[in-house]
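Numbering (the numbering used here), first residue to last: 1457 to 1607.
Note that CB positions come from ideal geometry on N, CA and C, so glycine has one too.
Below: the structure, in structure tokens.
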């Protein structure tokens, strides 16, 4: 991550956040709870001290267990954060960062639940999105105005 702060937010733009510190402990969590919480193969998370975070708009929170809570946008559903309420630290989902490319994972946890075929993805056929396709040519994005759709 960059040496100083970062920002991010949800898909619709109703909830934004920023941190004055660089993220630490960037990691992938493969546990089943994280898989379900983000609706994906793993949760990609970047940690910061809670005191460095400023929210614009109010996230909703779901207590996913007796010890953890997850922040999300109640309007569009974007998963935004993970935290232990009694900790000074929290993590943001890398996909919600304005510059996700800068958050390079340093570790993986919950690997007992890692999907067995995950390592085979590099061998699958790839194709780039065709912005001239009929479906995309006339698409009107509902992404927040600060987000650019790139094809």
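Quiz item: For the candidate residues 1477, 1462, 1554, whose alpha-carbon lies nearest to that of residue 1599?
Solution: With distances taken between Cα atoms, residue 1599 lies closest to 1554.
Quiz item: Between residue 1467 and chain D, is there a C-beta pair that is closer than 7 Å?
Solution: No chain D is present in this structure, which holds just one protein chain.
Quiz item: For residue 1526, does the count of other Cβ atoms within 10 angstroms reach 16, so buried, or fall short, so exposed?
Solution: Around the beta carbon of residue 1526, 16 or more other beta carbons sit within 10 angstroms, so the residue counts as buried.
Quiz item: For residue 1566 versus residue 1487, is the C-beta spacing smaller than 7 Å?
Solution: Between residue 1566 and residue 1487, the CB-CB gap stays under 7 Å.
Quiz item: For residue 1555, which of helix, strand or coil comes out of DSSP?
Solution: Secondary structure at residue 1555: coil, using DSSP grouped into helix, strand and coil.
Exercise. Drop a sphere of 10 angstroms on the beta-carbon of residue 1639, count the other beta-carbons inside from all chains shown, and report buried for 16 or more, exposed for fewer.
Key: Since the first and last residues shown for the chain are 1457 and 1607, residue 1639 lies out of range.
Quiz item: Expressed to the nearest angstrom, what Euclidean distance is found between the alpha-carbon atoms of residue 1593 and residue 1584?
Solution: Taking the straight line from one Cα to the other gives about 15 Å.
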